[in-house]
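Protein sequence lines correspond, in order, to chains A and B.
Residue numbers for the first sequence follow the numbering used here, beginning at 35 and rising by one.
Residue numbers for the second sequence follow the numbering used here, beginning at 35 and rising by one.
2 protein chains.
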Amino acid sequence: MGRPVIIRIIGTGLLGTSLGLALSPRHEIQLEDASPMTAALAQDLGAGTEVTDESAAPDLVIVATPPDVAADTVNRALTDFPDALVTDVASVKAIVLAEVGSGRERYVGSHPMAGRERSGAIAADGDLFIGRPWVVVPHETSRPDAVETVKRIAMEVGGFPIEMSAAAHDSAVARVSHVPQLMSSLVAATLVDAPPSSLDLAGQGLRDVTRIAGSDPKLWSTIIAGNPSSVADILREVRSRLDSLIDGVETMAEQNAYTGVASVAKVISDGNIGVSRIPGKHGGAPVRYATVYVLVPDKPGELGRLFTEAGEIGVNIEDLTLEHSAAQPVGRAAISVNPSRAKPLADGLEERGWTIASVEMEES
Amino acid sequence: MGRPVIIRIIGTGLLGTSLGLALSPRHEIQLEDASPMTAALAQDLGAGTEVTDESAAPDLVIVATPPDVAADTVNRALTDFPDALVTDVASVKAIVLAEVGSGRERYVGSHPMAGRERSGAIAADGDLFIGRPWVVVPHETSRPDAVETVKRIAMEVGGFPIEMSAAAHDSAVARVSHVPQLMSSLVAATLVDAPPSSLDLAGQGLRDVTRIAGSDPKLWSTIIAGNPSSVADILREVRSRLDSLIDGVETMAEQNAYTGVASVAKVISDGNIGVSRIPGKHGGAPVRYATVYVLVPDKPGELGRLFTEAGEIGVNIEDLTLEHSAAQPVGRAAISVNPSRAKPLADGLEERGWTIASVEMEES
């Protein structure tokens with residue numbers, strides 16, 4: 035895809051329209067949707083041009099329909115355009131691949147890990163894919179140029195391609211996306227019959243846990259229906275931990291004692307380990323930082339002095355957060371550094387008269 | 035508390051130190067902690083002055099110790115300071131109240147709904163309580179002036195007091211805080227043995243759901259141990275929904291069909307209803323907005339014209355978000371208005387030549 039090509043996007047919802055917006059400056063984008071009004075809106079938004087009977091045959095077809103019709107749409111595209119490469123962006127991959135028939139060597143599945151709470155063309159954003167993983171799913175007969183093309187498209191819109199088999203992909207998204215979605219919904223479902231006064235006590239924790247619980251039931255039913263085995267495996271794993279937890283909490287309740295406390299501590303500390311494994315923003319390896327907390331007097335020039343002296347000590351500051359509130363005579367600077375540099379920095383700053391509040395290592 | 039008084043804060047962790055920071059500009063704050071180093075750090079941060087043998091008797095004692103020692107500390111304070119009012123800020127209320135003995139008419143429990151992921155004095159913030167609910171828990175023999183004093187303290191630090199019984203409080207926090215914490219940890223726990231490549235696909239949804247899974251196991255064991263009956267009730271409710279969900283997903287997997295889809299749709303749509311019941315930021319009733327999406331040409335002055343014309347139509351704009359990406363020739367303005375004003379606004383803008391992309395009602 036080094037040169038401009040003709041790309042047909044079938045399905046102009048959130049992903050299709052966002053792709054059109056991101057790709058249309060370089061390529062000729064044809065837009066097609068089962069609903070002509072939806073395709074027209076995508077065109078109005080600048081995502082490309084609606085297809086007509088006169089439209090040229092595309093070099094690449096991107097199927098961005100709902101997952102339950104993705105395979106049929108891929109097959110139709112392979113038949114209609116015998117020279118085109120075809121990909122789809124459905125969030126499940128094994129069932130689509132299983133149903134792709136004649137021409138499957140020109141097909142490579144893919145899944146950009148990008149989305150929004152809102153759906154539809156109107157929520158589209160050409161920047162949606164920037165910095166996001168884009169799974170590319172080669173299969174035993176896929177042509178190397180098809181794999182290469184899908185990877186380039188991913189990179190052109192700012193994503194970074196990750197190759198995985200369909201089975202590995204489906205198992206991974208069950209764990210990092212499908213089950214978390216269902217669990218978020220399960221938490222939110224406990225609020226349906228809650229007294230309103232309880233809800234007045236809702237804090238940021240509840241809001242974070244339930245943010246994705248506003249998702250579309252129809253879309254998610256289709257997604258889970260496309261990946262039920264992997265999802266069931268992980269849900270059973272959750273139920274087994276939940277059973278132990280309930281046993282422990284019931285023991286606490288009955289014996290009015292700390293007997294069941296180990297089961298609670300186990301769930302929370304397993305959670306600590308699990309959450310620490312989630313990689314940094316850009317999908318690389320877990321970032322391990324050390325953070326040095328320094329008290330900074332609330333006087334002009336102190337923060338500048340801190341920076342200068344950290345530089346003198348020869349430590350590269352990865353990140354710095356200054357916490358401060360009006361009521362305090364000092365602020366606290368949280369300086370993130372490579373773990374090997376934490377002690378030299380803390381020692382050097384203490385020598386220069388700074389108060390080190392603490393040094394924390396973030397485990398990966 | 036209209037006038038400055040002497041307040042003793044026992045326990046200078048996150049909450050105690052934050053309270054000291056927020057209250058010390060107006061009141062004399064005495065700081066006490068089982069760990070002298072912790073109290074010294076709180077003093078260094080500006081939260082007040084460490085107690086000595088010469089410290090005056092306080093007018094008010096705020097117990098901010100871990101919940102498992104809160105009742106003992108409250109009882110000690112009631113005995114040591116026979117004229118003082120006493121409150122505690124533990125996150126469970128019935129077990130503390132049950133153990134408070136002589137002088138209990140001077141005791142009123144409370145629970146500021148404020149926290150951070152990090153704990154300890156070093157994470158303290160005098161602004162921690164601003165805009166947050168602060169539950170005040172009167173009991174059958176509590177003195178009216180004790181209730182009034184705790185409410186005023188809540189308001190002085192920017193919180194808004196909500197009166198509840200200890201039982202209602204404990205049931206509410208089980209639902210909006212304790213169970214969501216455990217569920218977040220259960221999701222994160224599924225990541226412990228995940229292949230690293232799965233974790234590369236982690237998106238914002240997983241990060242939100244598991245943000246609070248980094249919480250301290252020891253603290254949370256103590257919290258759950260203080261509220262096991264309410265927590266067990268809701269966990270059983272979750273397990274019952276999870277059982278139905280697993281049945282449905284297993285049916286999907288075995289029959290390779292959409293037979294079990296209703297159970298998935300039910301969980302997601304119950305979640306939709308539940309999450310829509312979470313009130314807005316300041317704890318009021320759920321905010322119901324309508325949002326009118328308008329296409330805005332990417333030309334200077336267009337947004338100003340949109341504002342002016344909405345004003346002419348006589349509609350008060352509650353919120354406006356402009357979405358725009360470099361690749362697009364138009365932006366989209368999402369205008370939030372009172373639901374009754376959505377149609378007049380959309381009609382009036384269309385008359386004036388604007389393109390209305392959609393109108394969405396947010397259900398409460």
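C-beta atoms are modelled at their ideal positions from N, C-alpha and C, and glycine is treated no differently.
Check, Outcome
"Is the region 70-85 of chain A close to the region 103-119 of chain A, with three or more CB pairs under 8 Å?", "no"
"Would you say Ser370 (chain A) reaches chain B, if we count a Cβ-Cβ gap shorter than 8 Å as a contact?", "no"
"Met71 (chain A): buried (16+ other C-beta within 10 angstroms of its C-beta) or exposed?", "exposed"
"Taking Ser136 (chain A) as the reference, which of A:Asp117, A:Glu88 and A:Pro146 has the closest Cα?", "A:Asp117"
"Express the C-alpha separation of Ala208 (chain A) and Asp267 (chain A) in angstroms, rounding to a whole number.", "9 Å"
"When the cut-off is 8 Å and only beta carbons count, does Arg366 (chain A) lie next to chain B?", "yes"
"By how many angstroms is the C-alpha of Val326 (chain A) removed from the C-alpha of Val309 (chain A)?", "22 Å"
"Between Arg140 (chain B) and Leu119 (chain B), is the Cβ-Cβ spacing less than 8 Å?", "yes"
"Identify which residue in B:Ala73, B:Leu49, B:Arg339 and B:Val330 has its Cα closest to the Cα of Pro100 (chain B).", "B:Leu49"
"Answer yes or no: does any C-beta atom of chain A fall closer than 8 Å to that of Gly248 (chain B)?", "yes"
"Gly143 (chain B) and Val130 (chain B) - do their beta-carbons sit closer together than 8 Å?", "yes"
"Are the beta-carbon atoms of Ser231 (chain A) and Met198 (chain B) separated by less than 8 Å?", "yes"
"Would you please state the rounded distance, in angstroms, between the beta carbons of Val283 (chain A) and Val265 (chain A)? I believe it to be under 8 Å.", "At roughly 26 Å, the Cβ-Cβ gap does not stay under 8 Å, so Val283 (chain A) and Val265 (chain A) are not in contact."
"Cβ of Val169 (chain A) less than 8 Å from any chain B Cβ?", "yes"
"Please check if any C-beta of chain A sits within less than 8 Å of the C-beta of Met35 (chain B).", "Because the pLDDT at Met35 (chain B) is just 46, under 50, the model does not fix this residue reliably, and the point stays unresolved."
"State the Cα-Cα distance for the pair Leu269 (chain A) and Leu276 (chain B), rounded to the nearest angstrom.", "8 Å"
"Let me know the beta strand (DSSP E) ranges lying completely inside the region 102-181 of chain B, each 3 residues or longer, listed in chain order.", "119-122, 143-146 and 167-171"
"I'd like the list of long-range same chain contacts for Thr244 (chain A), defined as Cβ closer than 7 Å, with 5 residues on each side in sequence excluded.", "Ser218, Val221 and Ala222"
"Show which residues of chain E have a CB atom less than 7 Å away from the CB atom of Trp254 (chain A).", "Any reference to chain E falls outside this structure, whose protein chains are A and B."
"Compile a chain-ordered list of the residues in the region 59-93 of chain A whose CB is closer than 9 Å to at least one CB of chain B.", "Pro59, Leu75, Asp78, Leu79, Gly80 and Ala81"
"Given this structure, state the Cα-to-Cα distance separating Val213 (chain A) from Ile40 (chain B), to the nearest angstrom.", "51 Å"
"By Cβ distance, which residues of its chain are closer than 6 Å to Ala90 (chain B), with the 5 residues on each side in sequence left out?", "Ile40"
"Could you round the C-beta distance between Ser52 (chain A) and Gly193 (chain A) to whole angstroms and report it? I think they count as a contact, below 8 Å.", "That pair is no contact at about 11 Å."
"Between Ile44 (chain B) and Ser205 (chain A), what straight-line distance do the alpha-carbon atoms span, to the nearest angstrom?", "50 Å"
"For chain A, is any of its Cβ atoms less than 8 Å away from the one on Pro146 (chain B)?", "no"
"Could you round the C-beta distance between Ile156 (chain A) and Ala324 (chain B) to whole angstroms and report it? I think they count as a contact, below 8 Å.", "Actually they do not touch by this definition, with Cβ atoms about 15 Å apart."
"Using the Cα positions of Val103 (chain B) and Pro178 (chain B), report the straight-line distance between them to the nearest angstrom.", "26 Å"
"Are the beta-carbon atoms belonging to Phe115 (chain A) and Val134 (chain A) less than 8 Å from one another?", "no"
"Against Ile196 (chain A), what residues of chain B qualify as contacts under a CB-to-CB distance less than 9 Å, listed in chain order?", "Ser231, Asp234 and Leu235"
"Let me know if Glu385 (chain B) comes out buried or exposed under the rule of 16 or more other beta-carbons within 10 Å of its beta-carbon.", "exposed"
"Considering only residues of the region 288-312 of chain B, which uninterrupted beta strand (DSSP E) runs meet the minimum length of 3 residues and lie entirely inside it, listed in chain order?", "none"
"Count the other CB atoms within 10 Å of the CB of Ser249 (chain B); is the residue buried (16 or more) or exposed (fewer)?", "buried"
"Would DSSP call Val283 (chain B) helix, strand or coil?", "helix"
"Would you identify the three-state DSSP class for Ala266 (chain B), choosing helix, strand or coil?", "helix"
"Within the region 197-272 of chain B, note down every full alpha helix (DSSP H) run reaching 4 residues or more, in order along the chain.", "200-207, 213-223, 230-233, 238-244 and 251-259"
"Do Asp78 (chain B) and Leu225 (chain A) come within 8 Å of each other at the CB atom, strictly closer than that value?", "no"
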